[in-house]
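The block underneath contains the structure these notes are about, expressed in structure tokens.
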Amino acid sequence: MTYKLYNAQFPNRFHRMNIPQGQMKNVLLQKLSSFSLARPSGRKLVLGVLGVVIVIYLIIPLLKSGSHRYMVLTRIERCLQDRLKIYNTKVNSQNSFVYHVPTSDKAKPVEKYFLPYIGNGYIGISLDGKHGVWLKGERGLDIATDYNPLVSFEISGYDVKEAFVLDIVDGKIVKHTCYQQHGASLANCITLKETLYVHRTRPGLLVQEVSFYNPTDKNIEVSVTQDILSSWATEHSPIEHVKDNSEADADSGTKWHIGSKTLSKQVLLTVAGREFSRTGIMELPAKKTVLRQSLTVFDYTVMENKGDKSVTQKTIRDRKSRCVKAVKSALHAGSSDLYEQHTLAWHQLWQSGFAISDSKAPDSLNSDVINSTLYYILSHVSSTLQDLTSSPSEVSQAMTYLNKPRACYHNSHHTL
């Protein structure tokens, strides 16, 4: 049986075609396709549809990325993200780790957590710790002082977002905090940058550098909290003021305090520190940046004759004298030289090493874990060759160990 089909391409010429029943479907499809593509309008339509599909396919990922970065983030979150952009290169190379502090205990962390810890083998401190500064014991920095000299800040009536950056190459923690009133614009976000490090070449020195920026049109009052040896029997230290750029905006009348107390294991600890603010209030002038620095010096020793008061008093006097000397030396060096000395020492420790490619396998051991582990180990070990207080005999002994690279362990046991 056959069907009669008029050729649609020639409406004025009706050609009869005899088509077998089995080929009817194929002939119809062939005619329709040749009709749509033969005409210029049909080709344009098909190409236009394909073009729209390709454009949508390419734009959707960009729209998702843009909504995550700009539409989802609040103004204060964008303010914080802008502060953290400068660390992208170090983060990508696993030399720094960023962690956004959760707004509550139930909030899920955004990044992989690395302990915000700084140390030099003589003292160490963690931002998350409850025991303050740690001192060297028999098995590392395992003696808790329960004393935290770090200064904290608060602006009443402002929302707060903060994150810290653990920089293992420079041996420091950089903490960024953004303050913003509800409904205020992004341009009126007050920012605080704190740089914290335990000095690598000055064993007992803890440094906290503060940089506040107030972009608003009004002066802002900041509440300052600091434990300035409040529970210790302290005395005002006769330390003469050595002015440098970091102290140009310091409160007038702030005083240095120095005190001693006995810890567990017969450890006598002496600490020298200065008031960050005499009144507990710090004022941020409108449209200004305020730079401040807080220095704290720790000195400790094991008391062998704890019951002998005369020996104890003499030891306390000696330790206070050492603290005064260390403070004067740090103030005389200035903030920029202190920081340069510290970072240079850490860079020298990282001169040797190796690199591995990252694995995407679950629970794999990658360079972030390896690098951070090496950093924590180095933070618990002193560096005799870099320590400014090392004696010539200690330096000489350390050099003899370096001459036996293949026998690092006791009794000349081979490294590999």
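Numbers in our numbering are just positions in the sequence shown, counted from 1, shifted up by 22. Think of the CB as a built atom: it goes at the ideal place given N, C-alpha and C, for glycine as much as any other residue.
Going by other Cβ atoms of all chains shown within 10 Å of its Cβ, with 16 needed for buried, is residue i buried or exposed?
i      : result
GLY88  : Because the pLDDT of GLY88 is 47, which lies under 50, any placement of that residue in the model is unreliable, and the question is left without a value.
GLY70  : exposed
GLN419 : exposed
SER282 : buried
ASP380 : exposed
VAL155 : buried
TYR92  : The pLDDT assigned to TYR92 is 42, lower than 50, so where the model puts this residue is not dependable, and the model offers no usable value.
SER316 : buried
ARG222 : buried
SER228 : As written in the sequence, residue 228 is Leu, which differs from the Ser given in the question. It is buried - the Cβ of LEU228 has at least 16 other Cβ atoms within 10 Å.
ILE108 : exposed
PRO384 : exposed
ASN34  : The pLDDT assigned to ASN34 is 44, lower than 50, so where the model puts this residue is not dependable; a value taken from the coordinates is nonetheless given after this. Burial call: exposed.
ILE165 : buried
GLY193 : buried
VAL244 : buried
TYR121 : buried
PRO171 : buried
GLU216 : buried
VAL391 : exposed
LYS197 : buried
SER468 : What is shown of the chain runs 23 to 438, which leaves residue 468 out entirely.
Thinking residue i and residue j are a contact (beta carbons under 8 Å), I'd like their distance in whole angstroms, please.
i      : j      : result
THR337 : THR318 : At roughly 20 Å, the Cβ-Cβ gap does not stay under 8 Å, so THR337 and THR318 are not in contact.
LEU306 : ASN210 : Not a contact, Cβ separation roughly 13 Å.
ARG105 : THR238 : Incorrect: roughly 17 Å between the Cβ atoms, too far for contact.
LYS350 : ILE280 : With 8 Å as the limit, LYS350 and ILE280 do not qualify as a contact, their Cβ atoms being about 12 Å apart.
THR199 : VAL182 : 6 Å
ALA308 : LYS240 : 5 Å
GLN370 : PHE298 : 32 Å between Cβ atoms; not a contact.
GLY302 : VAL246 : 5 Å
HIS402 : GLY226 : Incorrect: roughly 16 Å between the Cβ atoms, too far for contact.
GLU176 : VAL123 : Going by Cβ atoms, the distance from GLU176 to VAL123 rounds to 14 Å, so no, they are not a contact pair.
SER405 : ALA367 : 7 Å
PRO190 : LEU218 : In the sequence as presented, Pro is not what sits at residue 190; that position holds Ile. So it is not a contact: roughly 14 Å between Cβ atoms.
TYR361 : TYR139 : About 19 Å; that fails the 8 Å criterion.
ARG344 : ASP321 : 5 Å
SER389 : ILE378 : 6 Å
LEU291 : THR167 : 6 Å
GLY179 : LYS158 : Between LYS158 and GLY179 the Cβ distance is about 43 Å, and since that is not below 8 Å, they are no contact.
Run through DSSP, which three-state label would residue i get?
i      : result
GLU231 : strand
THR406 : coil
ARG300 : coil
LEU106 : helix
GLY141 : strand
THR276 : coil
GLU362 : helix
ALA348 : helix
SER386 : coil
VAL123 : coil
THR334 : helix
THR239 : Here residue 239 is Asp; the residue named in the question, Thr, does not match the sequence. If DSSP states are grouped into helix, strand and coil, ASP239 belongs with coil.
GLU416 : helix
GLN370 : helix
GLN6   : For residue 6 there is no data in the structure shown, the boundaries of the chain being 23 and 438.
ASP321 : strand
ALA355 : helix
GLN288 : helix
PRO260 : Residue confidence for PRO260 is low, a pLDDT of 45 falling below 50, so the modelled location carries little weight and cannot support an answer.
SER245 : strand
GLU305 : strand
SER381 : coil
THR395 : helix
LYS342 : helix
Starting from the Cα of residue i, find the closest Cα among the options and give me that residue.
i      : options                        : result
MET304 : THR334, TRP278, HIS369, PHE234 : PHE234
GLU160 : GLN103, VAL220, VAL289         : VAL289
ARG224 : GLY356, GLY73, ALA352          : ALA352
THR276 : SER286, LEU285, ARG296, LYS287 : ARG296
ALA206 : GLU99, GLU416, TYR361, LEU366  : GLU99
ASN393 : ASP359, GLU416, SER115         : SER115
TYR135 : ARG339, GLN408, THR395         : THR395
LEU251 : VAL312, MET325, TYR169, SER358 : TYR169
LEU400 : GLY146, LEU360, TYR180, GLU416 : GLY146
LEU95  : LEU208, LYS287, ILE242, SER357 : LEU208
MET325 : VAL77, ASP340, THR284          : THR284
PHE119 : PHE186, TRP278, THR311, HIS204 : PHE186
GLU231 : ASN388, LEU80, ARG314          : ARG314
VAL112 : LEU188, CYS101, ILE76          : Here residue 112 is Lys; the residue named in the question, Val, does not match the sequence. Selected option, being the one with the closest Cα: LEU188.
ALA294 : SER286, ILE242, ALA348         : ALA348
Is there a Cβ from chain B that is less than 9 Å from the Cβ of residue i?
i      : result
LEU102 : In the displayed structure, chain B is absent; only one protein chain is listed.
| field | alpha helix (DSSP H) runs wholly inside the stretch 143-229, at least 4 long, in chain order | value | You should have found no qualifying run.
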